Amino acid sequence: MANQIPCPCGTEKNYQDCCAVYHQNPGSAPTAEALMRSRFSAFARNDIDYIQRTQQLDNGTSEDDTQAIQEENSTTLWTQLDILETKQGQASDDTGSVTFRARFTEGKHQGELTEKSLFNKINGQWLYVSGSHEVHSSPQKTAPVESNKVGRNDPCSCGSGKKFKKCCG
């Protein structure tokens, strides 16, 4: 089926039944973890508008910030999300934190970002407010893995719905 694209957030659900629901309705994530997963999927799909709409940073955001995020993210292929810990952040809470590890590839190099993200529920909507993170890059180039080869006409693994050759290829 054409719409059977795995969600980048790691739930093993179909994207249309998972994070697409939140991407189409910003502010609808019921928990801090659901928002964290949907934001990871938005980064994987380069949906910077969703990222901006689901955060409230102390410094605010400008058009220049949005463009910088989009340019920086366009060279990154987000490959895996692992939730390490969730504190509070349930539907009945007003605050929460999610600690996660996100693996990525940039060119022929791979790395991982570990972050503790903080969330507040403001007017009934979960928003990312801050985070502290560490980035670890692998000094070695990635070796092609035979089992992970994607054909040019296969759906892109980032979940965009486009063919690999028109997206991340």
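In our numbering, the protein residues as written are 3 to 171. Glycine included, C-beta positions come from ideal geometry on N, C-alpha and C. All values reported here derive from a predicted model rather than from experimental measurement.
### Message
DSSP three-state label for S119, please.
### Response
As a first step, residue 119 is located in the sequence shown; it is residue number 117 there, counting from the start. The answer is strand: DSSP assigns S119 an E or B state.
### Query
Touch check for the segment 102-112 and the segment 122-130: three-plus C-beta pairs under 8 Å?
At 8 Å Cβ cutoff, the stretches do not touch.
### Query
Are G12 and L86 touching if we call contact CB-CB under 8 Å?
For the purposes of this step, residue 12 is taken as residue 10 along the sequence shown, with counting starting at 1. For the purposes of this step, residue 86 is taken as residue 84 along the sequence shown, with counting starting at 1. With respect to L86, G12 sits apart: the two C-beta atoms are not nearer than 8 Å.
### Message
For W80 and A46, which I take to be in contact (beta-carbon distance under 8 Å), what is that distance rounded to the nearest angstrom?
### Response
As a position in the sequence shown, residue 80 is number 78, starting the count at 1. As a position in the sequence shown, residue 46 is number 44, starting the count at 1. That pair is a contact at about 4 Å.
### Message
Rounding to the nearest angstrom, what Cα-Cα distance links G98 and E108 in this structure?
### Response
Within the sequence shown, residue 98 is the residue found at index 96, counting from 1. Within the sequence shown, residue 108 is the residue found at index 106, counting from 1. The straight-line gap separating the alpha-carbon atoms of G98 and E108 is approximately 30 Å.
### Query
At which residues does the alpha helix (DSSP H) containing I50 begin and terminate?
The count along the sequence shown starts at 1 and reaches residue 50 at position 48. First-last of the alpha helix (DSSP H) with I50: I50 to R55.
### Task
Provide the residue span of the beta strand (DSSP E) that contains R103, from first to last.
Walking along the sequence shown from the start, residue 103 turns up at place 101. Run containing R103: T97 to E108, per the beta strand (DSSP E) assignment.
### Message
With DSSP as the reference, identify every bridge partner of E87, one or two as the case may be.
### Response
Taking the first residue of the sequence shown as position 1, residue 87 is located at position 85. According to DSSP, which records beta bridges pairwise, E87 is partnered with T101.
### Between the CA atoms of A22 and Y52 - distance to the nearest angstrom
Walking along the sequence shown from the start, residue 52 turns up at place 50. Walking along the sequence shown from the start, residue 22 turns up at place 20. Cα to Cα, Y52 sits roughly 11 Å from A22.
### Message
Quick check: what's the CA-CA separation for T88 versus Q72?
### Response
Sequence index remark: in the sequence shown, residue 88 carries index 86 (1-based). Sequence index remark: in the sequence shown, residue 72 carries index 70 (1-based). Spanning the two alpha carbons is a distance of roughly 28 Å.
### Task
Pull up the distance between the alpha-carbon of D49 and that of Q90, whole angstroms please.
Position 47 of the sequence shown holds residue 49. Position 88 of the sequence shown holds residue 90. C-alpha separation (whole angstroms): 27 Å.
#### Entry: C-beta atoms of K118 and S134 nearer than 8 Å
Here residue 118 corresponds to residue number 116 of the sequence shown, with the count starting at 1. Here residue 134 corresponds to residue number 132 of the sequence shown, with the count starting at 1. For K118 and S134, yes; Cβs fall inside 8 Å.
### Message
Can you give me the C-alpha to C-alpha distance between P32 and T77, rounded to a whole angstrom?
### Response
Start at 1 with the first residue of the sequence shown, and residue 32 comes out as number 30. Start at 1 with the first residue of the sequence shown, and residue 77 comes out as number 75. Between P32 and T77, the C-alpha separation is close to 30 Å.
### I124 versus A44: straight-line alpha-carbon distance, rounded
One-based indexing of the sequence shown puts residue 124 at position 122. One-based indexing of the sequence shown puts residue 44 at position 42. Distance between the alpha carbons of I124 and A44 is about 21 Å.
### Query
For A145, which of helix, strand or coil comes out of DSSP?
Position 143 of the sequence shown, counted from the start, is the residue given in the question as residue 145. Only weak support exists for where A145 lies, its pLDDT of 46 falling under 50; the coordinates are left without a value.
### Query
The alpha helix (DSSP H) spanning A93 covers which residue range?
For the purposes of this step, residue 93 is taken as residue 91 along the sequence shown, with counting starting at 1. Following the DSSP letters along the chain, one finds A93 in no alpha helix (DSSP H), marked with neither H nor E.
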